[in-house]
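Undergrad:
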Amino acid sequence: MCTSKKQKKREWLRYRDFVLSPYGVIKIKSLGYIMMGDEQIGYQLRGEKLYPLSARDIARQRNHIGIVFQQFNLYPHMTVLQNIIEEPVGVHRQDRQEAQTYAMALLKRVGLEHKADAYPRHLPGGQQQRVAIVRALAIRPAVMLFDEPTSALDPELVGEVLATMRSLAEQGLTMIVVTHEISFAREAADRVIFLDEGLGAVVTRCKAMILF
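Numbering-wise (the UniProt record's numbering), the sequence shown opens with residue 1 and increments by one.
Structure (structure tokens):
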């Protein structure tokens, strides 16, 4: 979190961190919607009005978006490997063996290949969140969305998740991250936006290195 003083009262600023690829895969509009390529996520602009897309069109867009939430949302009755391949095989009709091979390669990238047959309940929170990140990567997304991915973790587990995210940023993956981890943002972000109380107007928008 970041604080400021105004009229002798302390105000909290909620931080939002945008890590954009050099190829401009996505654009963040000041009104809060997201453009991926020439498409607006979830909506279609007709004249001056926005109209929600059909469920089919939204599902098509989601095929290119990976999402990681505060809670890990892993299926408790499935192993780590089964969690990761569930969407590629069940939704995208990918060959099971191919999906498993790719899943194991992703697990190796985050240092968890030895946990492929473990169940989520046997993993600490940091490892569960890293598995959730791998599960999102398994569909080969064009962009990853992170909703405060470390907020539900014990402080000693935060570092391993941030290290994984930092590695993804260094590899050029386009990510939009809502976070209060200021030091991580300083190191990983290409662009940052501060919002007053999380819902107010943009306070600062600039390159991370300039802001910090």
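Glycine included, every Cβ here is placed at the ideal spot set by N, Cα and C. Keep in mind the model is a prediction, meaning the values are calculated, not measured.
Helix, strand or coil: which one does DSSP assign to isoleucine 193?
TA: Position 193 of the sequence shown, counted from the start, is the residue given in the question as residue 193. In this structure, isoleucine 193 counts as strand in the three-state DSSP scheme.
Undergrad: Please list, in chain order, all residues of the same chain as leucine 153 whose beta carbon is under 8 Å from its beta carbon, the five residues on each side excluded.
TA: Reading the sequence shown from its first residue, position 153 is the one you call residue 153. Correct list, in chain order: Gly125, Gly126, Gln129, Val161.
Undergrad: Which partner residues does aspartate 147 have in the DSSP bridge list?
TA: By 1-based counting over the sequence shown, the position of residue 147 is 147. Bridge partners of aspartate 147: Val178.
Undergrad: In the DSSP assignment, the alpha helix (DSSP H) including glycine 159 goes from what residue to what residue?
TA: On the sequence shown, position 159 is the one that residue 159 refers to. Its alpha helix (DSSP H) spans residues 155–170.
Undergrad: Please state if the CB of methionine 175 and the CB of methionine 144 are separated by a distance shorter than 8 Å.
TA: Translated into positions along the sequence shown, residue 144 becomes position 144. Translated into positions along the sequence shown, residue 175 becomes position 175. Going by C-beta atoms, methionine 144 is nearer than 8 Å to methionine 175.
Undergrad: Buried or exposed, going by whether 16 or more other CB atoms sit within 10 Å of the CB of leucine 45?
TA: The sequence position of residue 45 within the sequence shown is 45, counting from 1. Exposed: under 16 other Cβ atoms inside 10 Å.
Undergrad: Return yes when the Cβ of glutamate 87 is within less than 8 Å of the Cβ of isoleucine 34, no when it is not.
TA: As a first step, residue 34 is located in the sequence shown; it is residue number 34 there, counting from the start. As a first step, residue 87 is located in the sequence shown; it is residue number 87 there, counting from the start. For isoleucine 34 and glutamate 87, no; Cβs fall outside 8 Å.
Undergrad: Alpha carbon to alpha carbon, how far is histidine 114 from leucine 50?
TA: The residue labelled residue 114 in the question sits at position 114 within the sequence shown. The residue labelled residue 50 in the question sits at position 50 within the sequence shown. C-alpha separation (whole angstroms): 47 Å.
Undergrad: Based on the DSSP secondary-structure assignment, which residues constitute the bridge partners of arginine 46?
TA: In the sequence shown, counting from the first residue as 1, residue 46 sits at position 46. BP columns for arginine 46 point to Lys49.
Undergrad: Taking only runs that begin and end inside the segment 48–79, name each unbroken alpha helix (DSSP H) of 4 or more residues, in chain order.
TA: 55–62, all fully within the segment 48–79.
Undergrad: Mark threonine 164 as exposed unless 16 or more other C-beta atoms lie within 10 angstroms of its C-beta, in which case mark it buried.
TA: Looking up residue 164 in the sequence shown gives position 164. By the neighbour-count rule (16 or more Cβ atoms within 10 Å), threonine 164 is buried.
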